[in-house]
Amino acid sequence: MDMVWIAIGVAALLITVLAMGTWVFAALVIAAMGSLWWLGDFGLDRIGLIFSRILYRAGNSWELSAIPLFILMGELIFRSNVSERLFKGLTPLTRPLPGGVLHTNVFGCALFAAVSGSSAATTATIGKITTRELASRGYDRNLSIGSLAGAGSLGLLIPPSIVMIVYGVQAEVSISKLFMAGVVPGLLIALLYSGFIVLRSMLQPQLAPRQTGSEVGIWQALTLLTPVVALITIVIGSIYSGIATPSEAAAVGVAATLGLLILERQLTLPLLLDALKGTLVSATMVCSLLVTAMLLSTAMGYLHLPRELAAWIAAQQFTPMALLMALAVFYIVLGLFLDGISITVMSLPITLPIVILAGFDPLWFGVFLVIMVELGQITPPVGFNLFVLQGMTGENIGRVAWASAPFFLLMCLAAALISVWPQIALWLPTLLAG
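Heads up, the sequence shown is in this note's numbering, so the first residue is 4 and it goes up one at a time.
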């Protein structure tokens with residue numbers, strides 16, 4: 004069958020099943036089985052044999068063990084008072100800047116992202132403190148909500164990142180190097196956000212009233228930030244120093260978090276049970292999506308779709324930048340309807356062979372893809388960060404999305420910068436690799 008009709012058939016089947024309200028992981032299984040049976044003329048016994056091998060291989064993947072552990076680490080921190088201490092510690096450090104305490108959204112999310120790995124968890128944890136505090140201090144509502152929505156998405160880019168683990172497993176790219184590659188782009192986006200807040204506050208001082216006095220001194224502020232900085236150092240330091248793999252570092256991070264909560268007498272049985280329940284739900288969702296996406300990826304491989312599509316793209320002689328622009332539009336459209344994990348696992352079997360054929364480094368593309376996924380977190384109608392903020396602020400989804408628009412554009416700018424200068428993402432992994 005012609006490659007175009009195969010692609011249309013697979014897409015139509017998947018879209019139809021999703022439109023019926025089927026869970027995403029079930030839709031992926033149905034699309035994979037249906038494609039092989041309908042388009043590839045495979046028998047059910049052969050399909051079952053193929054899928055059983057994939058399920059066994061995925062179930063024995065050591066790399067996947069990092070996902071529930073990093074989620075557990077974020078759940079434990081989310082249910083403690085670490086976010087409150089983070090805000091109190093950042094307040095005196097950000098007050099002298101134009102925009103003042105608004106910067107706690109950006110810096111707080113950047114710090115918490117380094118111990119969470121989840122965009123929604125980062126937004127919810129920082130937002131439960133900053134939205135109330137910024138409103139009481141008279142800061143502009145739109146700038147407060149928008150900066151939190153944008154900065155919350157840093158949970159996907161700054162390591163440890165759940166999406167990067169998923170990408171690394173699917174693309175067979177070193178997860179440690181992916182973590183390294185996400186650091187500088189993540190800091191770049193944080194600086195762009197803070198720069199925008201500074202500029203808006205200088206042009207319109209009424210948006211961010213100057214604050215006087217301080218709840219805590221500088222040294223006390225640094226003391227309040229110590230637990231988060233210590234956890235970041237333990238987790239990321241164990242990976243970059245070579246002491247632990249990402250999976251082992253996740254276990255180290257959980258142990259360090261439990262130790263911190265015990266020392267501060269915050270670890271209770273209800274807190275632990277709630278964290279375990281939250282971890283079970285999130286980890287089951289992520290891992291089921293990843294495994295079923297492997298089924299769809301394999302099905303497409305048997306139908307020769309990635310190879311044929313890559314050859315067709317090569318024949319069109321697109322310039323590398325034109326290809327990236329097309330992929331960016333493709334991912335932004337997907338982000339309107341799907342969550343980040345689903346976008347990654349569903350698209351990668353098609354897009355990865357194309358970008359490799361075009362000469363792009365798969366390590367660099369992992370960072371580019373995560374930024375594209377981040378954009379989906381702040382675009383309606385399925386932007387998870389928008390829903391989190393809608394629930395916390397009581398504002399309608401339209402206002403939250405409008406407030407997030409400038410930060411969406413700044414993230415697009417960051418994607419353009421790393422496309423023009425790939426070394427922004429590749430410099431740190433190259434340096435640390437020796």
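Heads up, the beta-carbon is just placed ideally off N, CA and C, and yes, glycines get one too.
Beta carbon of residue i, beta carbon of residue j: below 8 Å?
i	j	result
L372	Y170	yes
T133	F90	yes
V118	G77	yes
I400	L412	no
F81	A127	yes
M167	G343	no
A286	I74	yes
I161	G185	yes
S241	A233	no
S350	F28	no
L261	L79	yes
E377	L159	yes
L195	A436	no
V238	A254	no
T382	L337	no
A404	P249	no
P230	V85	yes
L47	L105	no
A302	A35	yes
P323	D364	no
I50	W40	yes
G198	F410	no
I9	L306	yes
S422	Q269	no
Going by DSSP in three states, residue i sits in which element: helix, strand or coil?
i	result
S407	helix
V231	helix
M4	At M4 the pLDDT is 48, less than 50, meaning the model places this residue with poor confidence; the figure from the coordinates comes in the next sentence. M4: coil per DSSP, three-state reduction.
I161	coil
R56	helix
V176	coil
F381	Note that residue 381 is Ile in the sequence shown, not Phe. In the structure shown, I381 sits in coil (DSSP, three-state: anything other than H, G, I, E or B).
T459	With the chain represented from 4 up to 437, any question about residue 459 goes unanswered, as that position is not in the structure.
T107	helix
I427	helix
N84	coil
V118	coil
M23	coil
N145	helix
Q320	coil
L416	helix
N388	helix
Can you tell me which of the options puts its alpha carbon nearest to the alpha carbon of residue i?
i	options	result
L327	S119, A174, L227 and C415	C415
L429	R98, S177 and P273	S177
Y243	A34, T433 and M36	T433
V109	G153, A329, G220 and A30	G153
L431	I374, T382, W367 and R402	W367
R144	A436, T287, M395 and A361	M395
V32	E87, V348, Q380 and L202	V348
G379	Q173, E175, V294 and Y334	Y334
L360	R213, K180, Q320 and N63	Q320
A124	R135, G155, A138 and L137	G155
A138	V423, G397 and P425	G397
V187	L392, A329 and I374	I374
R135	S122, S179, S164 and E87	E87
V257	L279, L227, L272 and G245	L279
I346	T226, Q393, Q209 and Q173	Q173
S55	V423, P356 and T295	T295
G245	K180, A22, T226 and A259	K180
I'd like the list of long-range same chain contacts for residue i, defined as Cβ closer than 6 Å, with 5 residues on each side in sequence excluded.
i	result
L1	Since the first residue of the chain shown is 4 and the last is 437, residue 1 is not available in this structure.
G37	L16
L157	C112, A113, A116 and G189
V201	P101 and G102
V391	A123, T126 and A127
If you drop the 5 nearest sequence neighbours on each side, which residues of the same chain put their C-beta closer than 8 Å to that of residue i?
i	result
L420	L191 and I427
I265	none
I221	P95 and L96
A224	K91, G92, L93, T94, P95 and L96
A408	G149
Is there a Cβ from chain D that is less than 8 Å from the Cβ of residue i?
i	result
T133	No chain D appears in this structure, which consists of one protein chain only.
Examine the ligand FAD and report whether any of its heavy atoms sits within less than 7 Å of the Cβ of residue i.
i	result
I192	No copy of the ligand FAD appears in this structure; indeed no ligand is present at all.
Less than 7 Å between C-beta atoms, sequence neighbours within five positions excluded: which residues of the same chain meet that for residue i?
i	result
I11	none
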